[in-house]
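What follows is a short report on a single structure.
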């Protein structure tokens, strides 16, 4: 199963966005990175 297929994917994106907020990463960039790995 790919991460983006997980039922927890949305929650993971929200948590990653909050974690990396100070680094200037947007949720779109984080989500795109998850899809490509």
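Residue numbers (my numbering): 136 to 172. By construction, the Cβ of each residue, glycine as well, lies at the ideal position given by its N, Cα and C atoms.
List the endpoints of the continuous alpha helix (DSSP H) containing residue i.
i	result
residue 146	144-155
Quick test of your reading: residue i and residue j, contact by CB under 8 Å. State the CB separation rounded to the nearest angstrom.
i	j	result
residue 138	residue 147	7 Å
With a threshold of 7 Å on Cβ separation, who are the neighbours of residue i within its own chain once the five nearest residues in sequence on each side are excluded?
i	result
residue 141	none
residue 144	138
Counting contacts by CB-CB distance shorter than 8 Å, is residue i in contact with chain C?
i	result
residue 154	Any reference to chain C falls outside this structure, which holds one protein chain only.
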